[in-house]
Each structure stands twice: as C-alpha cells, then as structure tokens.
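Count along the sequence shown from 1, then add 194; that gives the number in my numbering.
Quick notes on the structure that follows.
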Amino acid sequence: MTDIHSGQRVAVLVDAQNLYHSAHSLYSNNIDYSALLEKSVQGRELTRAIAYVIRADSPDEESFFEALTDIGFETKIKDIKTFSDGSKKADWDVGMSLDAVTLANHVDTVVLCTGDGDFSRLCSHLRHEGVRVEVMSFESSTAEELKAAADSFVDLSERTETFLL
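Laid out in structure tokens, this is it:
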C-alpha cells in the first residue's frame with residue numbers, strides 16, 4: 195500500500211468501548227481522544243472521525259459524548275441492551291463495518307482504533323478495494339489476525355504518556 199502523505203484523505207473510526215476496556219484493564223486510565231485523533235490523522239486530510247459509543251446510563255457519559263464532539267468526533271450512540279437473563283450487550287461491529295465500507299470510495303485511508311479481531315475481515319476487504327488500513331490499539335489486547343490484516347499497526351502501549359489521561 196501507499197505510504198503516508200499529506201494529500202491522503204483519512205477516516206478515523208473509534209471503537210470507544212473496546213479502547214475504554216483495554217485502557218482500564220491494562221492501565222486503569224482513560225484514553226486521550228484528542229491525542230488519538232491527532233496521531234490517527236498525522237497531518238493528512240481528515241474526511242470523517244466517528245466515535246462509536248455505548249449509552250449505559252452512567253453518570254458522566256453525556257459529558258464524555260460532548261467532549262468527543264468538541265474534539266472533532268461525530269458520535270454514534272447505541273443503547274446497551276439488557277436481556278431477560280440479566281446479561282447486557284452492545285457493540286458496534288456491524289455499524290463500524292458498514293460505515294467503513296461506505297466511506298471506502300471517499301477516502302484513501304481508514305484508521306480503525308480497536309483491537310477487536312472481528313474487524314480483520316473488514317481490513318482485508320478494504321485493502322482489496324485499494325484503501326490503506328491502519329489499526330491503533332494496545333498490542334496486548336489486539337487480535338493477531340487484526341494486526342496481520344492491516345497495512346500498519348500503532349501500539350498505543352508504546353506511548354502511554356501520549357495516549358492515556
């Protein structure tokens with residue numbers, strides 16, 4: 195795939211739930227989404243930045259959603275579902291994948307900020323369509339198949355002072 199250059203059009207898609215859980219389990223910290231967006235773009239032309247978030251009725255989540263918007267992210271919000279057995283589930287895998295495929299004709303690069311191996315097939319598809327795919331996540335919580343399917347991988351663990359609050 196092509197190298198990074200200033201004329202590239204970039205879409206940044208952030209699996210906020212995946213990054214949140216990784217940052218908390220590994221470091222007991224939160225993600226610096228401003229730094230994440232800046233590193234994702236790397237001086238290129240930002241076409242779209244979308245943060246996929248889950249509404250779980252926690253006290254600070256609305257201010258978090260507003261902060262993401264202030265940073266420059268469009269937020270897509272999904273309510274958490276509670277099932278009759280008490281289990282809860284919410285994920286954005288299909289939504290993120292559909293957005294990535296839709297954006298593929300309008301960008302040169304898609305940056306996926308997630309460690310979820312379910313996105314490895316998406317990476318392969320995007321690359322087949324001529325789109326550069328970059329993955330940003332914590333190495334120890336990123337699926338090997340996702341790293342292998344991407345053009346490049348940025349390990350957030352190598353610069354925790356930059357990417358964590």
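The beta-carbon is built from N, C-alpha and C at its ideal position, and this holds for glycine as well.
From a predicted model like this one, the values you see are computed outputs, not experimental measurements.
8 Å contact criterion, which residue i and residue j should meet: CB distance rounded
i      : j      : result
Thr269 : Phe277 : That pair is no contact at about 25 Å.
Leu207 : Val304 : 7 Å
Ala205 : Tyr246 : 13 Å between Cβ atoms; not a contact.
Ile225 : Phe313 : 18 Å between Cβ atoms; not a contact.
Ser234 : Ile265 : Between Ile265 and Ser234 the Cβ distance is about 11 Å, and since that is not below 8 Å, they are no contact.
Thr241 : Val301 : 5 Å
First and last residue of the uninterrupted alpha helix (DSSP H) at residue i
i      : result
Ser314 : 314-322
Leu350 : Unbroken run through Leu350: none, as it is neither H nor E.
Thr303 : No alpha helix (DSSP H) contains Thr303, which is instead part of the beta strand (DSSP E) from 303-307.
Ser291 : 287-297
Val325 : From DSSP, Val325 is part of no alpha helix (DSSP H); its letter is neither H nor E.
Leu230 : 227-235
Ser257 : 255-265
Leu359 : Per DSSP, Leu359 belongs to no alpha helix (DSSP H) and is neither H nor E.
Leu343 : A small correction: the amino acid at residue 343 is Ala; Leu does not occupy that position in the sequence shown. Residues 338-343.
For residue j and residue i, the rounded distance between their alpha carbons
i      : j      : result
His319 : Glu355 : 33 Å
His322 : Glu339 : 16 Å
Thr336 : Ala261 : 26 Å
Leu213 : Tyr221 : 11 Å
Leu359 : Gly324 : 35 Å
Ser219 : Ser334 : 11 Å
Arg353 : Phe347 : 13 Å
Asp285 : Asp197 : 32 Å
Ile271 : Ser200 : 31 Å
Lys275 : Met290 : 18 Å
Phe267 : Ala243 : 5 Å
Ser351 : Ser252 : 27 Å
Where the beta strand (DSSP E) through residue i begins and ends
i      : result
Asp209 : 203-209
Thr269 : 268-273
Thr241 : 239-249
Per-residue burial, residue i [other beta carbons within 10 Å of its own, 16 or more giving buried]
i      : result
Lys283 : exposed
Asn223 : exposed
Ala250 : exposed
Ala217 : buried
Asp273 : exposed
Leu316 : buried
Ala344 : buried
(message) Counting beta carbon pairs with one atom in the region 324-332 and one in the region 298-315, are three or more of them shorter than 8 Å?
(response) yes
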